[in-house]
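There are 2 protein chains.
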Amino acid sequence: MASLMLTDCSSSTTRLIPTNRTNGAFLPRRCIGQLRLSTTASSRAGCTLSISSSSSPSPAKVIDGKAEAKKITDQITIDVSRMKESIGVVPGLAVILVGDRKDSETYVTNKKLACKSVGIKSLEVLLPEDSSEEEVLKYVAAFNDDHSVHGILVQLPLPSHMNEQKILNAVSIEKDVDGFHPLNIGRLAMKGGEPLFVPCTPKGFIELLHRYNIEIEGKRVVVIGRSNIVGMPAALLLLKENATVSVIHSKTKNPEEITREADIIISAAGQPTMVRGSWIKPGAVVIDVGTTQVEDLSARSGYRLVGDVCYEEACKVASVITPVPGGVGPMTIAMLLSNTLTSAKRIHNFE
Amino acid sequence: MASLMLTDCSSSTTRLIPTNRTNGAFLPRRCIGQLRLSTTASSRAGCTLSISSSSSPSPAKVIDGKAEAKKITDQITIDVSRMKESIGVVPGLAVILVGDRKDSETYVTNKKLACKSVGIKSLEVLLPEDSSEEEVLKYVAAFNDDHSVHGILVQLPLPSHMNEQKILNAVSIEKDVDGFHPLNIGRLAMKGGEPLFVPCTPKGFIELLHRYNIEIEGKRVVVIGRSNIVGMPAALLLLKENATVSVIHSKTKNPEEITREADIIISAAGQPTMVRGSWIKPGAVVIDVGTTQVEDLSARSGYRLVGDVCYEEACKVASVITPVPGGVGPMTIAMLLSNTLTSAKRIHNFE
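Chains as they are written, first to last, in full-length UniProt numbering: chain Y, 1 to 351; chain A, 1 to 351.
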């Protein structure tokens, strides 16, 4: 068990204006106006955006996802180097990005940098928004056949004119490092099923829970959101961990009430600051998977990432919390690198 | 919308001795002693086995699964006949049964009779308990190649020395009328995924809920049990129906408390009379998927089927309930026939 650096949860505030990039322009969005889940009147008071500072210490311990991810990537670096020296193989990850969504571009850039930092070769195909499904499938097929590629990642979401399922289906299951191929998802769902890859974000936060010695078995876990990328595979993985799992979503009538029953909250709704302090049972563990870009003129990039959880309120109620950024995000990338290495090892039968 | 025949819920009692066939012998099991879920002391008082009679009318309406299944199979009979006349094709269902579990034998016999009643050709392979995995796979492969077979069903559970996943994986996805192939399960799990077949039991009770105009969207549904056959696919299907779904299982600490939160209870634990009246919120809908054979010397077969729900207590609390037998069971078989017909239609491009 790795030693842990737990920091106190604290807050300071800044203005929250989620960005909604349409036709290249940043449109300010109101935090509350975009909520898709039903919320009670009491939850609709404003929540300010918190960032770490040394003021207002509160009881919640903050999980340091960045530090845990670094331990994992350090080990990956060693393994990648050992593999290259032993059998002359460098793991390769191919990323296909269609369109110019700012958030997707950021993720892809981060993945590329992460590959570089551990010695994994990264290949990238950038296609315009109006590309055809066939063009994407052509690149998927090429990477399926490319022996230097051990992982293929199609950055989601794809433009709406494309059939996402068809494209994910085309990725060779042996190179499906995102774990989104329906065969991998099916195996994840089934008792006795053994997926070749587990989706990176759920795998990442489960790893965090394990590393922080947070018990999952028998705990009531509420997963907020049911996306193919996070919510749904998270629920399946948590069931495999013997949690009692509830999934809430846009059609749930009383999300606040149900969330308050949870020992562990996994929020993956993509709705900034939706989970208020009143949603959280005192002492609950809060895993914030949401990452929405909000405009922040004080930041060099002009935006910052904000989670689903009203951090400053949650800190006062939860026992443990993941921050955004620096919580689940770095672990997601570490798991992608780990899956790519695992794939290369499996393909080349390297221990 | 079909017209419905709702009968009052009523009860009389008999002794409950679940049968546990090991090495060919029936061992009596105590109802409470076999519970795998945690239960509170208050739930451990005895529950008697109820059967329909005209005494003690109570508020719950009883869903007539047999009548609904008949409507469906009547239509299948017409379609099968039309298909034969139009293109000379008779849908065929192949069943592989390994071992001599009494319950499996009963299910297979029922399936065979059901096929006959609608004009579907049924093929059956009975293999001894100690058959090898390769033998089963050989028959699966033969049925995959057999053009007269449109549906293949491997009766579960398989003997413990076999790799169930490997065998289910070998069934051609186009003939996977049970919907247990991991690719079908993966598609069931994914938003936008379109399984070729949906597992028969969950499909059957969802059909019952629809036919009885019971709203699912936004309702809190508790699924008891997480088996590959019922609980897990039921949870996935209910999520697609926009229910707020919680899954409880053997590691859940407070199943009674959580079940009591449900608007709709789906019990698929295989634990006779486990769900007591105190587990049910007044007015909830109770779908009892459990079917355990219990010894009943007054029955010609020497046993009877008992559900997960303490029927006589549940009737007094629930608004709607499915009986065992005569509830979900007949619908499961109707859905199997429906899936087989769908498969034959798809393979032969017949509308």
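Using N, Cα and C, we set each Cβ at its ideal position, and we do this for glycine too. Here the structure is a predicted model, which is why all the values come from computation and not from measurement.
Test: residue i CB closer than 8 Å to a CB of chain Y
| i | result |
| --- | --- |
| Cys185/A | Reading off the sequence shown, one finds Ile at residue 185/A, where the question assumed Cys. It does; some Cβ of chain Y falls within 8 Å. |
| Leu35/A | Reliability of the predicted coordinates at Leu35/A is poor, the pLDDT of 37 falling under 50, and no value is obtained from them. |
| Arg211/A | no |
| Arg260/A | no |
| Glu164/A | yes |
| Ser172/A | no |
| Val98/A | no |
| Lys251/A | yes |
| Met274/A | no |
| Lys66/A | no |
| Phe197/A | no |
| Lys116/A | no |
| Pro182/A | yes |
| Gly193/A | yes |
| Asn339/A | no |
DSSP-derived helix/strand/coil call for residue i
| i | result |
| --- | --- |
| Lys281/Y | coil |
| Leu336/A | helix |
| Ser319/A | coil |
| Ser246/A | strand |
| Asp79/A | helix |
| Tyr303/A | strand |
| Gln293/Y | strand |
| Lys111/Y | helix |
| residue 356/Y | Outside the shown range of chain Y (1 to 351) lies residue 356/Y, about which nothing can therefore be said. |
| Lys191/Y | coil |
| Gly92/A | strand |
| Lys219/Y | coil |
| Lys61/A | strand |
| Asp176/A | coil |
| Lys166/A | helix |
| Gly326/Y | coil |
| Ser104/A | helix |
| Asp145/Y | helix |
| Leu123/A | strand |
| Leu341/A | helix |
| Leu237/Y | helix |
| Val286/Y | strand |
| Ile206/Y | helix |
Where residue i falls, given that 16 or more other Cβ within 10 Å makes a residue buried
| i | result |
| --- | --- |
| Lys71/A | exposed |
| Asp130/A | exposed |
| Thr259/Y | buried |
| residue 377/Y | The structure shown does not extend to residue 377/Y, since chain Y is modelled only from 1 through 351, so no value can be given for it. |
| Val82/A | The question names Val, but residue 82/A in the sequence shown is Arg. Counting Cβ neighbours within 10 Å, Arg82/A comes out exposed, since fewer than 16 surround it. |
| residue 356/A | There is simply no residue 356/A to check, as chain A begins at 1 and stops at 351 in what is shown. |
| Ala314/A | buried |
| Asp100/Y | exposed |
| His181/Y | buried |
| Gly283/Y | exposed |
| Arg187/Y | buried |
| Thr244/A | buried |
| His161/A | exposed |
| Asn349/Y | exposed |
| Lys219/A | buried |
| Ile87/A | exposed |
| Ile78/Y | exposed |
Residue i at chain A interface by Cβ criterion, 8 Å
| i | result |
| --- | --- |
| Pro128/Y | no |
| Glu217/Y | yes |
| Pro282/Y | no |
| Gly179/Y | no |
| Ser104/Y | no |
| Thr244/Y | yes |
| Arg346/Y | no |
| Val247/Y | yes |
| Ala25/Y | Interpretation of Ala25/Y is limited by its pLDDT of 34, a score under 50 that renders its predicted location unreliable; the figure taken from the coordinates is listed afterwards. No, because no Cβ of chain A sits closer than 8 Å to the Cβ of Ala25/Y. |
| Ala189/Y | yes |
Heavy atom of the ligand SAM within 7 Å of residue i beta-carbon
| i | result |
| --- | --- |
| Ile321/A | Absence of the ligand SAM is noted for the structure shown, with no ligands found whatsoever. |
### Task
Anything in the stretch 225-241 of chain Y with a Cβ closer than 9 Å to a Cβ of chain A? List those residues in chain order, please.
Result list: Arg226, Ser227, Asn228, Met232, Pro233, Ala235, Leu236, Leu239.
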